[in-house]
Structure formats: C-alpha cells, structure tokens
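These notes are about the structure you will find just below.
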Amino acid sequence: MIKLVIVMLLVWVGFVLFKKMRRLNVSNHPDNKIGQKMIACSVCDTHIPESEAIVKDGKIYCSKSCL
Ligand SMILES: [Zn+2]
40 MIKLVIVMLL
50 VWVGFVLFKK
60 MRRLNVSNHP
70 DNKIGQKMIA
80 CSVCDTHIPE
90 SEAIVKDGKI
100 YCSKSCL
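Taking my numbering, the leading residue of the sequence shown gets 40, the next gets one more, and so forth.
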C-alpha cells in the first residue's frame, strides 16, 4: 500500500514539474509577433507586423516587390 502512495506522489511531482517547465518555456521564449501592432501594406493591403514593414515617403509596404 505504501508503494502505491509513493508512486502516486512521484507521478504528482513529475506532473507539477512538467507544468512548471512548460510555463518557463513559454515565458523564456515569447513570440515577438504576438501582441505586435499589425499594419496594412498600402499596395496589396496585406497585414504585416510593424517591425517587418518598409516605410517610405509616409507609406507602408509589406515587401520590396510592393515598394
Ligand atoms: Zn504589399
């Protein structure tokens, strides 16, 4: 009977550690694109993250081909 309790305890500890590690991984590697402002290309109207946009003469372009 005591063996069963120990096994259950080990499973529970493993589960808690697994949950903790998953949470740490999420906070250590945040996706930069999530929560970033999305802006539309003035040529093709494609929505892209602000950091990837090309701004020229006050207009926004999604890529060099639109520029
Ligand atoms: Zn475009």
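The C-beta atom is built at its ideal place from N, Cα and C for all residues, glycine as well.
Could you tell me the alpha carbon to alpha carbon distance between residue i and residue j, rounded to whole angstroms?
i, j, result
"Val50", "Phe57", "10 Å"
"Lys103", "Val55", "48 Å"
"Ala62", "Lys95", "Residue identity check: residue 62 is Arg in the sequence provided, not Ala. If you take the alpha carbons of Arg62 and Lys95, they lie about 40 Å apart."
"Ile87", "Leu48", "48 Å"
Return the residue from the list the options that minimises the CA-CA distance to residue i.
i, options, result
"Thr85", "Ile93, Gly97, Cys101 and Arg62", "Cys101"
"Glu108", "Gly53, Met77 and Ile41", "Here the chain comprises residues numbered 40 to 106, so residue 108 is not present and cannot be evaluated."
"Glu89", "Ala79, Leu43 and Cys83", "Ala79"
"Cys83", "Val44, Gly53 and Cys105", "Cys105"
With a threshold of 7 Å, establish whether the CB of residue i neighbours any heavy atom of ligand 1.
i, result
"Ser90", "no"
"Val94", "no"
I need the DSSP call for residue i, collapsed to helix, strand or coil.
i, result
"Lys103", "coil"
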